[in-house]
Amino acid sequence: MPGLRRLRQSLSGRSDPGGSGPPRPVPVLHGLRGPLSPGPIEGGGHVAADFRQSRRRILIFSLVVGIWALPAWAQGLDEADWPMWRGDERGSATVRLAARQGGKPRRWMYDLSGKVHAFEPGMTVWSSPALAAFDGRAWVAAGSYDHRVYLWDAASGELRFRYNTGAGVYATPAIRIRDGRPLLYAASSDRTVYALDAREGTRVFSVEVEPYRPTLGGARLSGPALGHAGGREALFVGHWVYDKSLGANHQQGGLSALDAASGERLWRTDFLDNRISHPVYLEIDGAGFLCVGSEDGNLRLLRADSGEIVWLHRESEIIQGSCAVWPDRDRPLVFAGSHFGKLRALDARSGEEVWSHKTGYWISATPVVIEGPGSAQVVVGSYDGKMYGLDARTGALRWSQDRGAPVYASAAVIDDGARPTVVAAALDHRLFGLWADQGTERFSVFTGAPLWDGISLGESTWSSPAAAEIDGRWMIFFGSYNGEFWGLPLSEAAIAGPGAPWSNVRFWVTMALVLLGVGGTAVFLSRRRVRGAWSRRKASRQCTPSSRCPLPRYRARRSP
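Start counting the sequence shown at 1162; every next residue gets the next number (our numbering).
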């Protein structure tokens, strides 16, 4: 370029060989680092113009690169927490994270299959995952039936720590970044809520939500939810115990609010003898509330400040899953399913039913709300083997997809393009993804059979998947009931492609083909043997003393 050549010559003190006349003084050039006065140069005005033009091009290029890189930088959060069991009140179980110090996310797996414990109805191998980001890395946490809480690097699967509790941890942990300090809250079946330093894996405090008695037969705690109560950050957890003594044989369920910094109990509300679902914290008109379901079929909305019941909706069957909330400004809605098989939408302010949709069997999963431009839909799986997508405002059925096996898992949402994907799991031991707009299958991955044979899989609420975008790459996290905890890149799951679920028709067709093949082979070999024997017999009849006939095969007997 002529301008750069002139600038190079000016710095070396030479004039343009093509010029004539005495050198002229070059004007002072004000660059990015201050004035530049290289000395006399021929054609200095052209150099100044070329330099300004080059600087302008550099600035424009830097601006374009910065604008292009901004979305990639802004899409991941250097600090992100997981305040409740599905991440937010919509139940999306998805988050965008940044891992500036971690490597590229890849497939990994942590295996517990070598440590098989006795099965108890209602237990799970892994809790559902919780995701967070701090210290420049993305993290995933889960509880296990081996009494431990685990924290891994979400990108590589490197184990950060595992903390021992006194019983199985079946509830999803919650994670909060408080004043730069990450805290992990875990609810164990030893009736205790633990607050752990997520960097060191050490205990900050622990609180027994139910007092110990020698006659206690067992306990179950819900996943903790973080919110605010009376101007303080609070931790809400449901609890249930039963006493097996003859004099006080009863069950007791309730919901407690604890100070998130100290563990101090703020209030407690009892729900008689019923287990409750994972509480969901939501805000309506600036006030905090809690939505909880219970096994007596009641769905309740409580004030987060006091535990006072605002409204109660009664179902005829168990409510096992949690509620999902669509925080619409005009009319916020609460969605919940029950073992009656109905998905209901209730007005969040009054508890009035807005619409309902009947499925073919019970619903144990938590619905998920997916918001789109101008509309929203709610997606849920049922034990009738189908996934349903319905209009969130009217309840109109948009699509349904038959999986061929009961769908137990709550769906996670992956928004990796113009068409979001919902990821769930069914009792055919498969993790699958569906396009959320039409319900067509995107991928299906086999995750393994349960650790135990001959158990009723419907007695437990197994782990549900969660998803995270880590530095632009989507990862799916899932704890299978075969003992493996997975970190699976979406790109690898999509390569697996659609996999048709196994069905009775497919089984009998395959069995008929196998039997046909075995039978055909047997007939062919039998006919070949008979044909050979007949040809040998015919040849022996045609033999004469003068002809050469094959001698019969026999074994010579040894003389005694």
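Each residue gets a CB set at the ideal place from its N, CA and C atoms; glycine is no exception.
Apart from the five residues just before and just after Q1262, which ones in its own chain have a Cβ nearer than 8 Å to its Cβ?
Correct list, in chain order: D1296, G1297, R1298.
Taking just the CA atoms, how far does T1682 sit from L1674?
The straight-line gap from Cα to Cα measures roughly 12 Å.
Are the Cβ atoms of I1338 and A1291 separated by less than 8 Å?
Taking 8 Å as the Cβ cut-off, I1338 and A1291 do not qualify as a contacting pair.
What's the C-alpha gap between Q1562 and S1367?
Approximately 44 Å, taken between the alpha carbons.
Going along the chain, which residues of its own chain have a beta-carbon closer than 8 Å to the beta-carbon of A1395, five neighbours each way excluded?
Counting only Cβ-Cβ distances below 8 Å, and skipping sequence neighbours, we find L1387, G1388, H1389, A1418, L1419, D1420, A1421, L1427, A1465.
Sort G1468, S1467, V1453 by Cα distance to R1461 and report the nearest one.
Comparing Cα positions, the closest option is V1453.
For the segment 1271–1278 against the segment 1617–1635, are there 3 or more C-beta pairs whose distance is under 8 Å?
Judged by Cβ distances under 8 Å, the segment 1271–1278 makes no contact with the segment 1617–1635, as fewer than three pairs qualify.
Go ahead and pull the three-state DSSP assignment for M1270.
Correct three-state label for M1270: strand.
Please classify N1325 as buried or exposed, where buried requires at least 16 other C-beta atoms within 10 Å of its C-beta.
Label assigned to N1325: exposed.
Can you list, in chain order, the residues of its chain whose CB lies under 6 Å from that of V1539, leaving out five sequence neighbours each side?
Excluding sequence neighbours, V1539 sits near F1496, P1528, V1530, L1551, A1553.
Could you pull out every residue in the same chain whose Cβ sits closer than 8 Å to the Cβ of K1265, ignoring the five residues on either side in sequence?
Closer than 8 Å at the Cβ level, and outside the excluded window around K1265, lie A1316, D1632, R1634.
Go ahead and label A1557 buried or exposed: buried means 16 or more other beta carbons lie within 10 angstroms of its beta carbon, across all protein chains shown.
Answer is exposed; the Cβ neighbour count stays below 16.
Which full runs of the alpha helix (DSSP H) of 4+ residues lie inside the segment 1486–1554, going along the chain?
Whole alpha helix (DSSP H) segments, 4+ residues: zero.
Looking only at C-alpha atoms, which of A1332, L1382, R1257, L1416 sits nearest to D1577?
Among A1332, L1382, R1257, L1416, the Cα nearest to that of D1577 belongs to R1257.
Could you give the first and the last residue of the continuous beta strand (DSSP E) run that contains S1605?
Taken as a continuous stretch (DSSP letters only), the beta strand (DSSP E) holding S1605 covers 1602–1607.
Do S1571 and S1625 count as a contact pair if the criterion is CB distance below 8 Å?
A contact, by the Cβ cut-off of 8 Å.
Can at least three beta-carbon pairs, one atom from the segment 1468–1482 and one from the segment 1506–1521, be found at a separation below 8 Å?
Cβ pair count under 8 Å is three or more, so yes.
If we count the other Cβ atoms within 10 Å of its Cβ and call it buried at 16 or more, is T1555 buried or exposed?
Exposed: under 16 other Cβ atoms inside 10 Å.
State buried or exposed for V1670, treating a residue as buried only when at least 16 other CB atoms are found within 10 Å of its CB.
V1670 should be labelled exposed.
Which residues share a DSSP beta bridge with M1636?
Answer is A1629, P1650.
Which of the three DSSP states is assigned to P1232 in this structure?
Here P1232 scores only 40 on pLDDT, less than 50, and its place in the model should not be relied on; the value that follows carries that caveat. Of the three classes helix, strand and coil, the one that applies to P1232 here is helix, per DSSP.
Counting only the same chain and skipping the five closest in sequence on each side, list residues whose C-beta sits under 6 Å from that of L1320.
Only W1313 meet the Cβ criterion.
With a CB to CB cut of under 6 Å and the five nearest residues on each side skipped, what residues in its chain are close to H1500?
Cβ within range, chain order: E1478, I1479, W1523.
Report the start-end ranges of each beta strand (DSSP E) in the segment 1435–1460 that is 3 residues or longer and not cut off at the edges.
DSSP runs (the beta strand (DSSP E)) wholly in the segment 1435–1460: 1441–1445, 1448–1454.
Using 8 Å for Cβ pairs, my map puts R1564 next to F1593. What's the rounded Cβ distance?
Right, their Cβ atoms sit about 7 Å apart.
Go ahead and label F1685 buried or exposed: buried means 16 or more other beta carbons lie within 10 angstroms of its beta carbon, across all protein chains shown.
The residue in question, F1685, is exposed, as its Cβ has fewer than 16 Cβ neighbours within 10 Å.
Does the Cβ of Y1306 have 16 or more other Cβ atoms within 10 Å, making it buried, or fewer, making it exposed?
With 16 or more Cβ atoms within 10 Å of its Cβ, Y1306 is classed as buried.
What would DSSP say about E1620, mapped onto helix, strand or coil?
E1620 falls in the helix class under three-state DSSP.
Checking 8 Å against the spacing of the C-beta atoms, do R1268 and E1653 come in under that value?
The answer is yes: Cβ separation under 8 Å.
To the nearest angstrom, report how far apart R1490 and R1505 are at their CA atoms.
If you take the alpha carbons of R1490 and R1505, they lie about 19 Å apart.
Would you give the residue range spanned by the beta strand (DSSP E) that A1293 belongs to?
Counting along the chain, the beta strand (DSSP E) containing A1293 begins and ends at 1291–1295.
Quick check on DSSP: helix, strand or coil for F1280?
Residue state, collapsed to three classes: coil.
Give me the Cβ distance between A1328 and H1308, rounded to the nearest whole Å; I'm assuming they're in contact under 8 Å.
The pair is a contact, with the Cβ atoms about 6 Å apart (cut-off 8 Å).
Can you tell me the Cβ-Cβ gap for V1370 and V1398, rounded? I've got them flagged as a contact below 8 Å.
That belief holds up - the Cβ atoms of V1370 and V1398 are roughly 6 Å apart, short of 8 Å.
Assuming T1255 and I1575 make a contact with CB atoms under 8 Å, what is their CB distance in whole Å?
The Cβ separation is near 7 Å, so the contact holds.
Which of the three DSSP states, helix, strand or coil, is assigned to A1127?
Lying before the first or after the last residue shown, residue 1127 is absent from the chain, which here runs from 1162 to 1721.
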